[in-house]
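Counting along the sequence shown from 1, when you hit position 340 you're at 896 in my numbering, and nothing is skipped either side. Heads up, the beta-carbon is just placed ideally off N, CA and C, and yes, glycines get one too. As the structure is a computational prediction, the values presented were derived from the model and not from experiment. Below is one structure, written out as C-alpha cells; comments come after it.
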Amino acid sequence: MTTAELRAVPGVADDLSVWPASTTRLAHGGLAVGGVSLAEIAERFDTPAYVLDEGEVRGRCRRYRDAFPEAHVLYAAKAFLSRAVVRWVDEEGLGLDVCSAGELELAVTAGFPPERMVLHGNAKPPHDIEAALRLGVGRIVIDSPSEIARLAAAVGPGGHQKVMVRVVPGVSAGGHEKIRTGTDDQKFGLSPVDGSAQEAIGRILGQPQLELVGLHCHIGSQIAEVEPYVAAVRRMVGLMARIRDGHRVTLRELDVGGGHGVAYRPGEAALDPTALARGLRTELVAACAAAGLPVPRLAIEPGRAIVGPAGVALYRVLAVKHTGARLFVAVDGGMSDNPRPALYGVRYAPRLIGRASAADSRTATVVGRHCEAGDVLAADVPLPADVRPGDLLAVPVAGAYQLSMASGYNLVGRPPVVSVHEGRARLLVWRETLDDLRSRDVGG
Ligand code: LLP
C-alpha cells in the first residue's frame, strides 16, 4: 500500500481487528494485551519476545467447544506447544493432536491425559511408536502401508490400540502450495482412487490388536471457506460406505483435520467455526442418510486458529536504512523466529508501539538481523516515516508456526514466550541462552 493510499483510508494504520480481543490503546502510542503494556514486557523480558494472551487462547478453545458440542476438538500441537498451553487446552476440555514423541511426552509430563491424544506422522520413528504405546495414546493415525505390520508388532499379540487411517479425499485447498494436503500428489495419506486406502484398511482389519475406529483427512492449512471441508466429508462418507460394503465394518469416527484460516492483516478472511460446524453437520447427516450409515462422531484439529491470533511478536528496531526508493527497518529478530514470510510469502502487519508518532506513513520493509537477503519479516508495510533505532515494533497473529518452526540460525537463540492474563505477565519459556546453545555442543 502506498503512502497516498494509506492516507486515503482513515484509521487503517490503527486497525486492531486482527489483534487479541483484550488489546487496548494506552497513552503515547502504547498497546496493552491481556491488561499488560507491551512496552513494559519488552523492558522486562527484552526483545525479541513472544507474548501469548491466555484469555484469547482459552476463548478460542471455548468458541470451538460451543460450535462443536458433539465433536472431539483436538488442538494441533504443532502450531505451538508449551506446558502452559497444554494446561489451558486441557482445562478447556480439548483433546490434543501430536506428531512426535517430543510433543507427546511434553504434554503427558504436563499432565495431559494420553487417551485424549491422537498421534500423526507420515514417517513415525520406532521411538515415537514406542512412546505412544507406553504412554497409552488414544489413537494412532496410520499414514502408510508399511506402518501397519510394524505397529501391530509393537503393540504385541495381547495388546490393543485404536487406529485411524489417513485418507486423501481429493480436495485441493490451502493458503499455499506447501500446505495443501488433500490430493494425492503430496506425501500424506492413502488414496481411495488407486485403492491404497482400501488395501490398507483390509490389512488393518486383519490385525486383531489394531482396532480401526475411523478415517482421518486433513486437506490443507489456512483455508478460509467451508466448502472444501463439506466436499471432503462427502467423499469420506462415500469411502465409509464402500468399506461397510466391502468389509462389513461400520466406522464410528471421522476426523477431518484442521487448517482453519485466520486473518494476518485487517480485512483478510478467516474461517468461522460456527459456519464450519453447521456446514459439516448438515453434510454429514445428509451423506450418511443417503448411504444408510449411522452418523460417525466428528473430530476436528484446529491449531493456528487457537493460538495464532493470541500471539504477538515484539522486536526492537536496530537499524533504519534508505536504499533507492526503499526504506529498510531492521529488527533484532527475523527468519530464525519467524520463517513464514520466507517459506510461504505470508504478509504481516507490524505496528510501532511505545511512542506516539505524528509523522506521515511510509512504505517500509521490515527485515531481520540474519545473514541473508531473504530475511524479510514484512515487505511493503506502512510505518511512521520517523521510525528509528530503539523503536519497538509489534507483530500480531504471531502465535502459530513461528516459534514452533524457529531455528538455531546464526546461533541467535530463540526468543522467550511470555503469557499475559488479567494484568499479569508470566514467563512461560525462557530466552535460549549461550549456555543452552553451548550445552548441546559437547566439543568432540
Ligand atoms: N491436523 C493435521 C494432520 C495437520 O497436519 C495440521 C497441520 C493440523 C491438523 C493443523 O492445521 P492448522 O489448523 O494449524 O492449519 N507451517 C505452516 C502450516 C503447516 C500445517 C501442517 N499441518 C504455516 O506456517 O502456515
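| Query | Result |
| --- | --- |
| Strictly under 8 Å for the Cβ-Cβ distance: is residue 899 near chain C by that measure? | Annotation note: the requested chain C is absent from the structure, which comprises a single protein chain. |
| Need the endpoints of the beta strand (DSSP E) that residue 791 sits in, please. | Counting along the chain, residue 791 falls outside any beta strand (DSSP E), though it belongs to the alpha helix (DSSP H) covering 783-803. |
| Just the C-alpha distance for residue 938 and residue 1000, rounded to the nearest angstrom, thanks. | 49 Å |
| Can you tell me which residues form a DSSP beta bridge with residue 770? | 720, 809 |
| Using the three-state DSSP reduction, which class does residue 565 fall into: helix, strand or coil? | Because residue 565 sits at a pLDDT of 39, beneath the cut-off of 50, its placement in the model cannot be relied upon, and the point is left open. |
| Just curious, the alpha helix (DSSP H) that residue 620 is in, first and last residue? | 610-623 |
| Name, in chain order, the residues that DSSP records as bridge partners for residue 683. | The partner list for residue 683 (beta bridge, DSSP) is empty, contrary to what the question assumes. |
| Short of 6 Å in beta carbon distance, which residues of its chain neighbour residue 895, apart from the five on each side in sequence? Order them along the chain. | 961 |
| Can you have a look at residue 927 and say buried or exposed, based on whether 16 or more other CB atoms are within 10 angstroms of its CB? | exposed |
| Suppose contacts are defined by Cβ-Cβ distances below 8 Å. Is residue 972 in contact with residue 983 by that definition? | yes |
| Are residue 660 and residue 693 close, meaning C-beta to C-beta below 8 Å? | yes |
| Within the present structure, is the beta-carbon of residue 858 separated from the nearest heavy atom of the ligand NAP by less than 7 Å? | Among the ligands present in this structure, namely the ligand LLP, the ligand NAP is not found. |
| To the nearest angstrom, how far is the alpha carbon of residue 739 from that of residue 623? | 28 Å |
| Give the secondary structure of residue 1000 by DSSP, where H, G and I count as helix, E and B as strand, and everything else as coil. | coil |
| If we require 3 or more residues per run, which beta strand (DSSP E) segments fall completely within the region 930-965? | 932-940, 948-952 |
| List the endpoints of the continuous alpha helix (DSSP H) containing residue 758. | 752-761 |
| What did DSSP end up calling residue 992 once you bin it into helix, strand or coil? | helix |
| If you follow the alpha helix (DSSP H) that residue 704 is in, where does it begin and where does it stop? | 702-711 |
| Please classify residue 603 as buried or exposed, where buried requires at least 16 other C-beta atoms within 10 Å of its C-beta. | buried |
| If I measure Cβ to Cβ from residue 638 and keep anything under 7 Å in the same chain, skipping five residues before and after, which residues do I get? | 973, 984, 985 |
| DSSP state of residue 867, grouped into three classes? | strand |
| Please report the straight-line C-alpha distance between residue 792 and residue 753, rounded to a whole angstrom. | 11 Å |
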